[in-house]
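The structure appears right after this line, and notes come after that.
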Amino acid sequence: MWTYEKRLQYPVNIKNPNPKAAKIIMSQLGGPDGELGASMRYLSQRYTMPYKQVTGILTDVGTEELAHLEIVSAILYQLTKNLSIEQIKQSGFDAYFVDHTTGIWPSAASGMPFTSVCFASKGDVITDLHEDMAAEQKARTTYDNILRLVDDPDIIDPIKYLREREIVHYQRFGESLRIAQEHLDSKNFYAINPEFDKC
Amino acid sequence: MCNEREALMKKLMQANFVLDDMRLYLDTHPCDEEGIKIFEAARMQRDEFLMEYEAKFGPVLADNGVTNGQWNWIEKPWPWQNEV
Chain B
353 MWTYEKRLQY PVNIKNPNPK AAKIIMSQLG GPDGELGASM RYLSQRYTMP YKQVTGILTD
413 VGTEELAHLE IVSAILYQLT KNLSIEQIKQ SGFDAYFVDH TTGIWPSAAS GMPFTSVCFA
473 SKGDVITDLH EDMAAEQKAR TTYDNILRLV DDPDIIDPIK YLREREIVHY QRFGESLRIA
533 QEHLDSKNFY AINPEFDKC
Chain Z
6 MCNEREALMK KLMQANFVLD DMRLYLDTHP CDEEGIKIFE AARMQRDEFL MEYEAKFGPV
66 LADNGVTNGQ WNWIEKPWPW QNEV
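Protein chains in written order, with this note's numbering: chain B, 353 to 551; chain Z, 6 to 89.
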């Protein structure tokens, strides 16, 4: 069960529309390392997770990613508000506009639609936590790349916040991996899969 | 446009952020007594700011969506509509 709070986790106040920036930031909505995939990854993995601390982390990070999905959507909404047809044509936003107008739809910057292929839920704690740590770093790299491509401080501010959260999540998943390994035979973490095998 | 609503929302966001961050920390450090104190202090602050914000500027939670017998939940702007 989830309850909606009518506020953003971090404020988004963009004064100047910028469809060119929207085209690239869109990747953090529905791209391979975006917030939709992030939330679905953790919220899917948690059901078979045997350790309560790790189930907690997957639930709470997965929930925070939904808040980040809303922040990225708010950025996209504000970047594409009140656009003229001239701005849409000149920025190259026309390829998106023809299918979605200025509606928010999750896809990568390349136009590839969101797909669950971009995340894993392998049903194995060691495998999934390595996936999660890598995912946080991939998202951090993507935010770094966005920061290389935009210069509006109104965009940079919330993007830097989201980038910082990837680092905190990476840290918490690293601790989760340590907790999982402490539960397993320290001589061989890979002897069994505690999400499946009875031991 | 630095008004009272924005200032109070900022306080609410800050208290909530402490909760968001500490929630994750406590998941992997459930026995950290200092962490639990920080979490509880932030929760009390959050509750105070939330009550004050909702009384002055309308519902943040749909459960508090009725104001003076009216469904007020849908009347105030949505968070992405921030007009600067």
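Beta carbons: idealized from backbone N, C-alpha and C, even for Gly.
- Task: Please confirm if B/E357 has its CB atom under 8 angstroms from at least one CB of chain Z.
- Result: yes
- Take B/F541 as the anchor and find which of B/T479, B/S443, B/G455, B/A487 has the nearest alpha-carbon. Its Cα nearest to that of B/F541, the residue B/T479 stands out among B/T479, B/S443, B/G455, B/A487.
- Task: Return yes when the Cβ of B/H452 is within less than 8 angstroms of the Cβ of B/L514, no when it is not.
- Result: no
- Sequence-distant residues of its chain with Cβ nearer than 7 angstroms to B/Q430 (five each side left out): V364, I366
- Message: Please tell me whether B/Q405 has its Cβ less than 8 angstroms away from any Cβ of chain Z.
- Response: Yes - at least one Cβ of chain Z is within 8 angstroms of the one on B/Q405.
- Task: Quick one: which residues of the region 18-45 of chain Z get their C-beta closer than 9 angstroms to a C-beta of chain B? List them in chain order.
- Result: Those would be M18, N21, F22, D25, D26, R28, L29, Y30, L31, D32, T33, H34, P35, in chain order.
- Message: Within 8 angstroms, do at least three Cβ pairs link the region 520-528 of chain B to the region 367-386 of chain B?
- Response: no
- Does Z/N87 get closer than 8 angstroms to chain B when you measure Cβ to Cβ? Interface residue, yes.
- Message: Distance cutoff 8 angstroms, beta carbons only. Does B/P363 sit that close to anything in chain Z?
- Response: Output row for B/P363: interface = yes.
- Identify the contact partners of B/R500 in chain Z, using a Cβ-Cβ distance below 9 angstroms as the criterion. Within 9 angstroms Cβ-Cβ: nothing; B/R500 doesn't reach chain Z, min ~25 angstroms.
- Query: Since Z/A67 meets chain B, which of its residues come closer than 7 angstroms, beta carbon to beta carbon?
  - Reply: Y356
- Item | Contact set between Z/M14 and chain B, taken where Cβ atoms lie within less than 7 angstroms | R359
- Extent of the continuous alpha helix (DSSP H) run through Z/D52: 38-62
- Task: With 8 angstroms as the C-beta to C-beta threshold (strictly closer), list the residues of the region 444-455 of chain B near chain Z in chain order.
- Result: Flagged: no residues at all.
- Quick one: which chain B residues come within Cβ less than 8 angstroms of Z/D83? Per the sequence presented here, residue 83 of chain Z reads as Trp, with Asp not at that position. Within chain B, the residues near Z/W83 are K358.
- Query: Where does Z/W76 sit, in a helix, a strand or coil, going by DSSP?
  - Reply: strand
- Message: I want to see whether chain B comes within less than 8 angstroms of Z/W76, judged by CB atoms only; does it?
- Response: no
- Message: Let me check one thing: in DSSP terms, what residues is Z/L13 bridge-paired to?
- Response: Bridge partners of Z/L13: none, in fact.
- Between the Cα of B/T415 and those of B/G475, B/S459, B/R517, spot the shortest distance and give me the residue it belongs to. B/R517
- Please work out which residues of its chain come closer than 6 angstroms, Cβ to Cβ, to B/T400, disregarding the five sequence neighbours upstream and downstream, and give them in chain order. G475, E547.
- Mind reading off the beta-carbon distance from B/A426 to Z/W78? Whole number of angstroms is fine, and I expect it under 8 angstroms. Beta-carbon to beta-carbon, B/A426 and Z/W78 are separated by about 19 angstroms, too far to satisfy the 8 angstroms threshold.
- Message: Between which residues of its own chain and B/A373 is the CB-CB distance below 8 angstroms, once the five residues before and five after are set aside?
- Response: L431, L501, V502, D504, I507
- Message: Just to confirm before moving on: does the CB-CB distance between B/S379 and B/T494 stay below 8 angstroms?
- Response: yes
- With DSSP as the reference, please indicate the residues paired to B/P465 in a beta bridge. B/S459
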